[in-house]
Amino acid sequence: MTSEEIRYKEAQKRVKRIKGFYTHATIYVVVNIMIFVINAREIPAGESIFQWRTLMTPLFWGIGLLSHGLSVFLPNYLLGKDWEERKIREFMEKEKSMRQ
201 MTSEEIRYKE AQKRVKRIKG FYTHATIYVV VNIMIFVINA REIPAGESIF QWRTLMTPLF
261 WGIGLLSHGL SVFLPNYLLG KDWEERKIRE FMEKEKSMRQ
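Sequential numbering from 201 applies to the sequence shown in my numbering.
Put into C-alpha coordinates, the structure is as follows:
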(Lines of atoms letter the chains of each structure in order from A and count residues from 1; the text may use other names and numbers.)
(Lines give C-alpha, C1' and ligand atoms only; values in the text may rest on other atoms or scores of the structure.)
Protein backbone atom coordinates (compact mmCIF):
# COMPACT_ATOMS: atom_id res chain seq x y z
CA MET A 1 0.00 0.00 0.00
CA THR A 2 1.44 3.35 -1.02
CA SER A 3 1.62 6.35 1.26
CA GLU A 4 -1.04 8.04 -0.87
CA GLU A 5 -3.42 5.11 -0.31
CA ILE A 6 -2.70 5.17 3.43
CA ARG A 7 -3.45 8.90 3.61
CA TYR A 8 -6.65 8.35 1.64
CA LYS A 9 -7.78 5.61 4.05
CA GLU A 10 -6.99 7.81 7.06
CA ALA A 11 -8.93 10.71 5.54
CA GLN A 12 -11.80 8.34 4.80
CA LYS A 13 -11.87 7.21 8.46
CA ARG A 14 -11.80 10.83 9.64
CA VAL A 15 -14.70 11.80 7.38
CA LYS A 16 -16.65 8.80 8.65
CA ARG A 17 -16.07 9.88 12.27
CA ILE A 18 -17.15 13.47 11.51
CA LYS A 19 -20.25 12.22 9.70
CA GLY A 20 -21.05 10.01 12.71
CA PHE A 21 -20.84 13.02 15.01
CA TYR A 22 -23.13 15.13 12.82
CA THR A 23 -25.63 12.27 12.65
CA HIS A 24 -25.51 11.97 16.44
CA ALA A 25 -26.02 15.74 16.83
CA THR A 26 -28.99 15.74 14.43
CA ILE A 27 -30.67 12.87 16.23
CA TYR A 28 -30.01 14.62 19.55
CA VAL A 29 -31.77 17.77 18.38
CA VAL A 30 -34.76 16.00 16.79
CA VAL A 31 -35.40 13.61 19.69
CA ASN A 32 -34.99 16.29 22.35
CA ILE A 33 -37.41 18.62 20.56
CA MET A 34 -39.94 15.77 20.51
CA ILE A 35 -39.36 15.05 24.20
CA PHE A 36 -39.67 18.75 25.04
CA VAL A 37 -43.00 19.04 23.19
CA ILE A 38 -44.38 15.92 24.88
CA ASN A 39 -43.28 17.14 28.32
CA ALA A 40 -44.68 20.63 27.66
CA ARG A 41 -48.12 19.14 27.05
CA GLU A 42 -48.04 17.20 30.33
CA ILE A 43 -47.05 20.09 32.61
CA PRO A 44 -49.97 21.60 34.54
CA ALA A 45 -50.89 25.20 33.78
CA GLY A 46 -48.83 27.72 35.67
CA GLU A 47 -45.79 25.46 36.18
CA SER A 48 -42.47 26.17 34.49
CA ILE A 49 -41.39 23.92 31.62
CA PHE A 50 -37.83 24.09 32.95
CA GLN A 51 -37.92 21.33 35.56
CA TRP A 52 -35.43 18.62 36.36
CA ARG A 53 -37.49 15.92 34.66
CA THR A 54 -37.73 17.92 31.43
CA LEU A 55 -34.05 18.83 31.37
CA MET A 56 -32.55 15.52 32.49
CA THR A 57 -32.41 13.81 29.08
CA PRO A 58 -30.97 16.75 27.11
CA LEU A 59 -28.42 17.41 29.85
CA PHE A 60 -27.00 13.90 30.18
CA TRP A 61 -27.26 13.10 26.49
CA GLY A 62 -25.64 16.49 25.81
CA ILE A 63 -22.67 15.48 27.96
CA GLY A 64 -22.34 12.33 25.85
CA LEU A 65 -22.63 14.37 22.65
CA LEU A 66 -19.98 16.80 23.90
CA SER A 67 -17.56 13.97 24.65
CA HIS A 68 -18.27 12.49 21.20
CA GLY A 69 -17.50 15.85 19.59
CA LEU A 70 -14.31 16.29 21.59
CA SER A 71 -13.12 12.82 20.57
CA VAL A 72 -13.71 13.68 16.91
CA PHE A 73 -12.40 17.25 16.72
CA LEU A 74 -10.04 17.87 19.65
CA PRO A 75 -7.14 15.45 18.97
CA ASN A 76 -5.90 17.51 16.02
CA TYR A 77 -5.94 20.71 18.05
CA LEU A 78 -4.08 19.26 21.03
CA LEU A 79 -1.74 16.81 19.40
CA GLY A 80 -1.20 18.37 15.97
CA LYS A 81 -2.09 17.09 12.55
CA ASP A 82 0.79 14.65 12.17
CA TRP A 83 0.78 13.29 15.72
CA GLU A 84 -0.73 9.94 14.79
CA GLU A 85 1.67 9.42 11.91
CA ARG A 86 4.68 10.39 14.07
CA LYS A 87 3.56 8.00 16.81
CA ILE A 88 3.17 5.14 14.34
CA ARG A 89 6.68 5.77 12.97
CA GLU A 90 8.03 5.91 16.53
CA PHE A 91 6.52 2.53 17.38
CA MET A 92 7.75 1.02 14.11
CA GLU A 93 11.29 2.26 14.77
CA LYS A 94 11.18 0.98 18.34
CA GLU A 95 10.03 -2.45 17.18
CA LYS A 96 12.67 -2.49 14.42
CA SER A 97 15.46 -1.69 16.90
CA MET A 98 14.24 -4.40 19.28
CA ARG A 99 14.47 -7.04 16.53
CA GLN A 100 18.11 -6.21 15.74
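Glycine is no exception: its CB is placed at the ideal position from the N, C-alpha and C atoms.
Discussion item. One question on the structure: do L265 and H224 come within less than 8 Å of each other, judged by their Cβ atoms?
Written reply: yes
Fill in: Beta-carbon proximity of T226 to N239, cut-off 8 Å
no
Discussion item. Tell me which residues share the same chain as K219 and place their Cβ nearer than 7 Å to its Cβ, disregarding the 5 neighbours each side in the sequence.
Written reply: none
Practice prompt. For the alpha helix (DSSP H) containing E247, list its first residue and its last residue.
Written response: Element bounds for E247: n/a, residue is neither H nor E.
Worksheet entry | V229 versus A211 - alpha carbon distance | 27 Å
Practice prompt. Using the Cα positions of I285 and S267, report the straight-line distance between them to the nearest angstrom.
Written response: Correcting the residue type first, residue 285 is Glu in the shown sequence and not Ile. The alpha-carbon atoms of E285 and S267 are separated by roughly 24 Å.
Worksheet item: Is F221 closer than 8 Å to G269 when the C-beta atoms are compared?
Response: yes
Worksheet item: Could you check where the alpha helix (DSSP H) with T223 kicks off and where it finishes?
Response: 203–242
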